[in-house]
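Asks:
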Amino acid sequence: MKKKLVSLLMVATMAASMVACGQTATEAPATEAPAADAAATEAPAAETPAAEEGKVFNIYAWNEEYKGFFEKYYADKIPADVEVKWTIVPSDNGAYQEALDNALLNQENAAADEKVDMFLAEADYILKYTNSDFTQDITALGVTDFSNTYAYTVEAASDVAGTVKGVSFQCCPSALIYRRSIAKEVLGTDDPTEVQAALSSWDKFDAVAADAKAKGYLMTPSYAETYRVFSNNVSQPWISDANELQFDANINTWMDQAEKYVKEGYTLTEGIWDAGKNAEMGKDGKALCFFGPAWYFNFCMGPAHDEAMGDWAICEGPQAHFWGGTWLLAPTGTDNPTILADCMNTFINDEAVCENLIRNEAQFTNNQAVNAKVASDPEYASEFLGGQNDVAIFAELAKNIKFQNVTLYDQYCNEGLQTYFVEYLKGSVDSRDKALANFYTYIGEKVPGIVTPQ
Amino acid sequence: MDMNERGRIKLIITRFLAYFFVIFTCLLCVLFFAILLINATKTNFQLQNKFSIIPGTNFLVNLKNAWLDASIDIPRGMLNSLIVALTSSLLTTYFSALTAYGIFAYDFKGKKLIFTFILGIMMIPTQVNAVGFIQLAYKYNLTNKLLMLIIPSIAAPAVFFYMIQYLQATLPMELVEAARIDGSGEFKTFNQIVLPIMKPAVAVQLIFAFVESWNNYFMPSLLLTDSTKKTVPIMMFQLRSADYSKFDLGKMYMFILLAVLPVIVVYLIVSKSIIKGVTSGSVKG
Amino acid sequence: MKNKKSVSYSKWGYIFIIPFFVVYIIFNLYPQILTVYNSFFENYRQGLTQVGPNFVGFSNYVALLTPSSEGTIDILRYLGNTMIMWVMGAVPQFLIALILALIFTSSRLNIKGQGVYKSIIYMPNMIMAAAFSMLFFTMFSTVGPVNQVLESMGILDKPIDFISFTLPARSLVAFMNFLMWFGNTTIMLVAGIQGIDESLFEAAKIDGANSWNVFSRITLPLLRPILVYVAITSLIGGLRMFDVPQVLSKGVGMPDRTTFTVVMLLNNYLGTSKNYGMAGAVSVLLFIVTAILSTFVFKFINKKEEK
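As you go down the protein sequences, you meet chains A, B and C in turn.
All residue numbers for the first sequence refer to this note's numbering, where the first residue is 1 and numbers rise by one.
All residue numbers for the second sequence refer to this note's numbering, where the first residue is 1001 and numbers rise by one.
All residue numbers for the third sequence refer to this note's numbering, where the first residue is 2001 and numbers rise by one.
Below, the structure written as structure tokens:
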């Protein structure tokens, strides 16, 4: 019996090794052949979308958010013989960009069914793709009507010459999200207009922070909670034209504020995505202010939904800003240009879909007409925000968004600075300089060729 | 008499302390696994509050949540890991045994040199050639191919060394001679006579190679970026980077449990021969 | 007659070792040469733009070994981190393994159930380091069970953020390494002690030597070669330290980069920017250190082989 088992094992081994050897032998030419074909057919395919298109629609994304919308509101419009394939790589530490870069660099050689047909990108690094030959002009594909979209979303998806390479299905003005019950204790009111009046500048914000502390509350749940408010309003980009890393005055102000708030006990040393910050959203939460767009409070404040439903409201806060946003970009070399263009058009111009996105999915869409319609609908109210019409507020905030001073490397700079600066706040390193030196080292390793100040 | 009595008491005390020490270290090893197991049975809410050693009743729910999670496709990861670990451990053991036999049983020019060479490269970690390896993988479009993790396992100097030691200790050349006289070809002799004799060594190395491959993180993390090709250790890092606001801790413990469980189960079944294998491998003189 | 025969079979020796060498050359040796070659080039990706390869001589090495404005040489700092964490784990690992090995081999104590104990202490070695590290991260996080227990017992009034401070963060890495390896070391040392000629112990007993004398005069000196062997293989393993600190610190080596290891640096260069030049230089330095240490192991094994 045992003998049999062993000999069986050996046969399996042999078979496996033969199969393995056979595969390597045949695989190399197999991947090269279609590459040559693809290169030959690529150019005409993009110009004549009516021609035979690929049977696999490949989408790259870093999370499941858009996938849900796509499946609910678009998937049934795709020809039955086309399969949609999602490649989802979490974005942390630049992992999504890495995977996407590899796929795009390989786009020319990839088999038709493996080519990227559409990919998602965030504001922090969208420039890298729009300002390259790896994305293509979507107006040539038939996405031409931007009359209802917010101008900044189109700017963000355009290269330096103004060629539009993609669209966003959402608009992401970010608001101050406050906890009504704590606002009543600290400010004596939970009315959005009055709260806004009390928090309309950073000086007022600081004063309220002291009050909150005196009454046993936290102003914010994370040292980095206000980061985007500052970083979004910078007057110079992270990387200068001479390829040098530079600090805008706003970033310095944020560091001062974070340091002061931690020292005074106005906030915690938890990162914006950490478990400890999360606990502050729950029933025992002590934090007054959170910052974020519609996607944030609807999808990233789980404990708040579970344990403190309706105890929230939004207002503009000290400074207008936006956070994130997801763009759909058109890669060069896609073999499904028709589906791609149709999909993009649907998410910005199909009013029924956009309205569904607001009403069913709690999005603030990139269609001003639809947003305005819902904003003026007296029936519409957010349960989470205790009956507030968030769309009406966001419609106002969206007017102030500017897409400026962004660089290819903002994700590394924004994430890296927060990661290493908090070590100073926690006391893990003894000086700010040391924390920043670590940040420079990190940038040096992740982004070669950047001159860091030292 | 008095001396004897004292000696006996001393021995009892020493023995008690010895048992205490041994059991303490054992508990230390089991403790973390036990906490993992207990926490995998609880709900997110229970886990966020007080820790208790009483198991919860949420095991199946956590299992379902982890198994069906959209962003960390653990069944896929386990399947990928299984494919790589199974095939590479089979290749490693078979070809190491073959190479060992080739050097052990035949006299040829340069044999001594080749043997010394393999011993020399035994301790060089794969990390130091990762740059070239990854560069080649990108150049020939071989990233996201599990084969790139499987094929290299054919050349495993440490396993070779184990095998040749085993051959030196157990294989009488007379047996090979006898097979030749019976007209058996060399390849057939190896597969039908030598390999069965090496069975214990093969079994031990099969398990070691399987575990090593299952747990391997560095190279796969550089090579596999496609979510359908990822192996379990890569998913552990993904878990570390996960956004906690959307995360259920019960599910998290379940992911970790799923990552370590297959190997633990195999280990519990064959631990005896593994323990024997540990020593005979490296320092058997 | 016999000689002639073995000559006629010698080609089989070559045939049987061919697969090993073909694979070794393609997947190990050639990449190794490429790695060294790369270390002399500027070759990386900036965004989607490829920079290089341009021959730059030794500048990658110079960049790697040039002190920063604070006077520290980063790679040496990471090597230092790696070694400190290795030592912090290895000292208890060897001490406890030695005590356990003496307990297990003592005929006087005659410990029962050794097989079970050995199986248990070896078990952590089987656990995926990445998963083990993830487990520790969860357990020692500010909202994890360790803090929960300490708080409910009244020892703490505020949770400790273990991985944000150098000593606890390094201790966690060291403790995991210790847990994963002390069982292995124990088993090696048990085999080593059992390999010592029984008659030496008998003779010592007749001469009336006490247990300490037996240990210090016989067991330890005769165990030394194995101890050195195990220590150096452990050191080589320690140099490659990656999985545990990578997962625990989410790849950034927090706090203050004090849990950042050499292989994590290699990973950072290789991962995002495909910086083959700098990664090559790091690899070559790592290779040199490993190669020097390996010669000790090699000598040890070779001696055994010649016996």
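Backbone N, C-alpha and C fix where the C-beta goes; we use that ideal spot for every residue, glycine too.
Taking just the CA atoms, how far does A:T419 sit from A:A398?
Replies: Distance between the alpha carbons of A:A398 and A:T419 is about 29 Å.
Asks: Please check if any C-beta of chain C sits within less than 8 Å of the C-beta of B:N1004.
Replies: no
Asks: Using DSSP with H/G/I as helix, E/B as strand and the rest coil, what is A:D306?
Replies: helix
Asks: For the beta strand (DSSP E) containing A:E162, name the first residue and the last one.
Replies: Here the sequence assigns Gly to residue 162 of chain A, which means Glu is not the residue at that position. Counting along the chain, A:G162 falls outside any beta strand (DSSP E), and DSSP gives it neither H nor E.
Asks: Taking the alpha-carbon of B:L1195 as reference, which of B:Y1166, B:L1028, B:F1218, B:Y1217 has the nearest alpha-carbon?
Replies: B:Y1166
Asks: Would you identify the three-state DSSP class for C:V2252, choosing helix, strand or coil?
Replies: Correct three-state label for C:V2252: coil.
Asks: Are B:L1091 and B:I1154 closer than 8 Å when you measure CB to CB?
Replies: yes
Asks: Does DSSP put A:A35 in a helix, in a strand, or in coil?
Replies: Because A:A35 sits at a pLDDT of 38, beneath the cut-off of 50, its placement in the model cannot be relied upon, and the point is left open.
Asks: For A:Y60, collect the residues of the same chain with a Cβ closer than 6 Å to its Cβ; drop the 5 residues on either side in sequence, then sort them by chain order.
Replies: T87, L100, V116, F119
Asks: Pull up the distance between the alpha-carbon of B:L947 and that of A:I251, whole angstroms please.
Replies: The structure shown does not extend to residue 947 of chain B, since chain B is modelled only from 1001 to 1285, so the question has no answer here.
Asks: Does any C-beta atom of chain B lie closer than 8 Å to the C-beta of C:Y2024?
Replies: yes
Asks: Would you report the Cα separation of A:A25 and C:Q2194, rounded to the nearest angstrom?
Replies: For A:A25, the pLDDT reaches just 36, beneath the cut-off of 50, and the residue's location in the model is therefore unreliable, although a value from the coordinates is still provided. Distance between the alpha carbons of A:A25 and C:Q2194: 50 Å.
Asks: Would you mind giving the Cβ-Cβ distance between A:L268 and A:S222, rounded to the nearest angstrom? I have them listed as a contact below 8 Å.
Replies: 6 Å
Asks: Quick one: give me the first and last residue of the alpha helix (DSSP H) that C:S2199 is part of.
Replies: Annotation for C:S2199: the continuous alpha helix (DSSP H) segment containing it runs 2198-2206.
Asks: Taking just the CA atoms, how far does B:A1203 sit from A:L53?
Replies: Leu is not the amino acid found at residue 53 of chain A; the sequence shown has Glu there. Between A:E53 and B:A1203, the C-alpha separation is close to 51 Å.
Asks: So, are the CB atoms of A:E264 and A:L218 less than 8 Å apart?
Replies: no
Asks: Name the two residues that bound the continuous alpha helix (DSSP H) containing A:G276.
Replies: For A:G276, the enclosing alpha helix (DSSP H) begins and ends at 275-279.
Asks: Flag this pair as yes or no: are the beta carbons of C:A2130 and C:S2234 separated by less than 8 Å?
Replies: no
Asks: Could you check which residue in A:A369, A:Y409, A:K77 has the C-alpha nearest to that of A:L245?
Replies: A:Y409
Asks: In whole angstroms, give me the CA-to-CA distance for A:A375 and A:T365.
Replies: 12 Å
Asks: Using a Cβ-Cβ cutoff of less than 6 Å, which residues in the same chain neighbour C:R2045 once the five nearest sequence positions on both sides are dropped?
Replies: S2273, K2274
Asks: Which residues in the same chain as A:A35 place their Cβ atom closer than 6 Å to its Cβ, once the five residues preceding and following it in sequence are excluded?
Replies: Residue placement at A:A35 is flagged as unreliable, the pLDDT there being 38, under the threshold of 50; the coordinate-derived value follows with that caveat. Counting only Cβ-Cβ distances below 6 Å, and skipping sequence neighbours, we find N109.
Asks: Leaving out five residues before and five after C:V2214 in sequence, what residues of the same chain have Cβ atoms less than 7 Å from its Cβ?
Replies: For C:V2214, same chain residues with a beta-carbon under 7 Å away, outside a window of 5 residues either side, are F2201, A2204 in chain order.
Asks: Please say whether A:N243 and A:V406 have beta carbons closer to each other than 8 Å?
Replies: no
Asks: Counting only beta-carbon separations shorter than 8 Å, does C:F2287 have a partner in chain B?
Replies: yes
Asks: Thinking B:S1081 and B:V1232 are a contact (beta carbons under 8 Å), I'd like their distance in whole angstroms, please.
Replies: 5 Å
Asks: On a CA-only basis, which of C:S2249, C:E2042, C:Q2032 is nearest C:S2164? Give me that one, please.
Replies: C:S2249
Asks: How would you list, in chain order, the residues of chain A whose beta-carbon sits under 8 Å from the beta-carbon of B:S1291?
Replies: Outside the shown range of chain B, which is 1001 to 1285, sits residue 1291 of chain B, and nothing can be said about it.
Asks: Taking C:R2217 as the query, report the chain A residues whose CB atoms sit under 8 Å from its CB, ordered along the chain.
Replies: Result: empty, since nearest Cβ-Cβ is about 47 Å, beyond 8 Å.
Asks: The alpha helix (DSSP H) with B:L1091 in it runs from where to where?
Replies: Note, B:L1091: alpha helix (DSSP H), 1074-1105.
Asks: Spatial neighbours of C:R2170 within its chain, please: CB distance less than 7 Å, with the 5 preceding and 5 following residues excluded, ordered by chain position.
Replies: I2084, M2085, M2088, T2258, T2259
Asks: Would you say A:F322 and A:W312 are within 8 Å of each other, going by their C-beta atoms?
Replies: no
Asks: For C:I2301, is the classification buried or exposed, using 16 other Cβ atoms within 10 angstroms of its Cβ as the cut-off for buried?
Replies: With 16 or more other Cβ atoms within 10 Å, it is buried.
Asks: Please name the residue in B:F1237, B:P1200, B:S1213, B:M1123 whose C-alpha comes closest to that of C:I2236.
Replies: B:M1123
Asks: Below 6 Å CB to CB, which residues in the same chain sit around A:E355 once its five sequence neighbours on both sides are set aside?
Replies: V370
Asks: Considering only the alpha carbon of each residue, which of A:P79, A:T326, A:Y66, A:A175 lies closest to A:I339?
Replies: A:P79
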